[in-house]
Amino acid sequence: MSRLLVAVLWMLHFLPLSILARIGKALGTILFSVGRRRRHIVMVNLGLCFPDLDSRQRLLLAKAHFCVLGRSMLERSLLWWASPDRLSKLIHVVGEERIRTLLDAGRPVLLLAPHFVGLDAGGVGIAMRFDSVSIYAVQSNAVFDRLLLRGRRRFGDQLLLSRNESVRTSVRAMKAGRPLYYLPDMDFRSRDSIFVPFFGVQAATITGLSRLARLAGAAVVPCVTRILPGAEGYIVTVGEPWQDFPSEDVEADTRRMNAWIETAVRTMPEQYYWVHRRFKTRPPGEPRPY
309 MSRLLVAVLW MLHFLPLSIL ARIGKALGTI LFSVGRRRRH IVMVNLGLCF PDLDSRQRLL
369 LAKAHFCVLG RSMLERSLLW WASPDRLSKL IHVVGEERIR TLLDAGRPVL LLAPHFVGLD
429 AGGVGIAMRF DSVSIYAVQS NAVFDRLLLR GRRRFGDQLL LSRNESVRTS VRAMKAGRPL
489 YYLPDMDFRS RDSIFVPFFG VQAATITGLS RLARLAGAAV VPCVTRILPG AEGYIVTVGE
549 PWQDFPSEDV EADTRRMNAW IETAVRTMPE QYYWVHRRFK TRPPGEPRPY
């Protein structure tokens with residue numbers, strides 16, 4: 309079955325993006341209808357993060373999220389098999405000179421890439437321009453694990469590290485001139501997590517952004533990927549390096565990170581990865597919301 313799905317994805321990558329996007333949105337609509345558990349997680353997350361919205365507004369936002377999620381699933385076929393020329397026309401990177409300027413000055417770069425559904429396209433856009441490093445989670449399905457690894461290594465000399473690798477390996481890679489494409493906004497139930505607010509809700513959040521920036525002497529550079537409508541592709545926005553970061557207060561740094569991510573999410577709330585149980589780890593005595 310896995311090989312059959314891969315074959316279907318391979319065939320889909322030949323389609324124009326306008327058609328592939330419509331199929332992806334249709335897939336998302338189906339997933340919303342049949343994916344009871346994930347739909348429940350999304351509705352709980354939206355209820356916690358957007359209490360000002362009424363139930364109808366949250367339902368519409370959830371449906372929009374599943375549509376763009378379906379797109380992202382099928383459009384991975386482009387990232388895995390489309391030609392470099394085609395991808396260069398679909399993935400637009402704005403602000404890449406900020407990364408280049410820092411690297412040319414000998415400054416390590418830590419790219420803060422929140423979990424928007426287009427982040428894989430953002431990773432490809434960065435990989436097509438820079439030899440970078442990223443953290444890789446081994447997939448339970450061996451077929452898709454090999455496919456994901458191959459896709460992430462398509463361009464340049466990319467270094468993929470498992471979550472179990474020492475922090476020192478990431479630090480060495482950054483000091484050697486590789487930007488780290490870093491995704492720190494999920495609930496990893498890690499001992500390195502602390503509770504800080506996210507949309508006003510206490511969320512277990514890893515402190516890695518602050519610690520890595522300090523250890524590597526790295527500049528933190530925000531990197532956000534937006535899926536554009538129809539056949540327009542993706543836009544990857546590389547922001548200005550953060551000033552006065554890290555501070556001496558790891559908790560304050562982690563609060564700052566979550567506050568910044570929250571602001572970014574509000575610009576395109578349907579594209580954040582709401583199917584993740586972001587609030588599954590609770591402070592002592594608090595019930596689990598899912």
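Just so you know, we're using the numbering used here here: the sequence shown kicks off at 309 and counts up by one. Glycine included, C-beta positions come from ideal geometry on N, C-alpha and C.
Cα-Cα separation between residue i and residue j, rounded to whole angstroms
| i | j | result |
| --- | --- | --- |
| ALA370 | LEU398 | 26 Å |
| ALA607 | TYR542 | Nothing about residue 607 can be read from this structure; the chain reaches only from 309 to 598. |
| ARG458 | LEU491 | 20 Å |
| MET494 | HIS584 | 8 Å |
| VAL316 | VAL432 | 21 Å |
| VAL475 | ARG522 | 12 Å |
| ILE434 | LEU382 | 20 Å |
| LEU536 | ALA334 | 17 Å |
| LEU368 | VAL425 | 17 Å |
| CYS357 | ARG437 | 35 Å |
| TYR580 | PRO359 | 17 Å |
| ARG344 | GLY464 | 40 Å |
| PHE340 | ALA484 | 44 Å |
| VAL573 | ARG534 | 11 Å |
| ALA421 | LEU488 | 10 Å |
| GLU473 | SER363 | 43 Å |
| ASP439 | GLY414 | 15 Å |
| ASP500 | ILE327 | 43 Å |
| PRO324 | VAL509 | 41 Å |
| PHE507 | PHE587 | 11 Å |
| ALA329 | GLY593 | 44 Å |
| ARG384 | VAL558 | 35 Å |
| TYR444 | ARG460 | 10 Å |
| SER518 | PHE553 | 8 Å |
| LEU427 | ARG596 | 28 Å |
| ALA560 | LEU320 | 45 Å |
| PRO505 | ASP393 | 42 Å |
| LEU469 | LEU456 | 13 Å |
| LEU361 | SER396 | 38 Å |
| VAL546 | LEU386 | 22 Å |
Beta-bridge partners of residue i, as assigned by DSSP
| i | result |
| --- | --- |
| PRO505 | GLN510 |
| PHE424 | TYR580 |
| SER396 | DSSP, once it has assigned bridges, lists no residue as partnering SER396. |
| ALA527 | VAL417 |
| VAL546 | CYS531 |
| VAL261 | For residue 261 there is no data in the structure shown, the boundaries of the chain being 309 and 598. |
Per-residue burial, residue i [other beta carbons within 10 Å of its own, 16 or more giving buried]
| i | result |
| --- | --- |
| TYR598 | exposed |
| GLU548 | exposed |
| LEU313 | exposed |
| GLU578 | buried |
| THR575 | exposed |
| LEU520 | buried |
| GLU556 | exposed |
| THR515 | buried |
| TRP388 | buried |
| GLN466 | buried |
| ASN353 | buried |
| THR571 | exposed |
| PRO591 | exposed |
| TRP318 | exposed |
| PHE322 | exposed |
| ARG454 | exposed |
| SER442 | buried |
| GLY336 | buried |
| ALA539 | exposed |
| ILE338 | exposed |
| GLY355 | exposed |
| VAL342 | exposed |
| ARG497 | exposed |
| ARG311 | exposed |
Cutoff 8 Å: residue i Cβ touching any chain C Cβ
| i | result |
| --- | --- |
| ASN566 | Any reference to chain C falls outside this structure, which holds one protein chain only. |
- For the segment 558 to 578 against the segment 338 to 353, are there 3 or more C-beta pairs whose distance is under 8 Å? no
ask   = Quick one: complete alpha helix (DSSP H) runs, 4+ long, within the segment 416 to 497?
value = 427 to 435, 450 to 460, 475 to 483
Answer yes if the segment 404 to 416 comes into contact with the segment 514 to 532, meaning at least three C-beta pairs across the two stretches below 8 Å, and no otherwise. yes
Note to self: Quick check: the segment 446 to 454 against the segment 375 to 395, are at least 3 beta-carbon pairs closer than 8 Å?
What the structure shows: no
* Asked: Is the number of C-beta pairs between the segment 464 to 481 and the segment 399 to 406 that are closer than 8 Å three or more?
  -> no
Would you mind listing the alpha helix (DSSP H) stretches within the segment 340 to 389 that are 4+ residues and don't spill past its ends, in chain order? 344 to 357, 363 to 389
Whole alpha helix (DSSP H) elements within the segment 316 to 340, 4-residue minimum:
none
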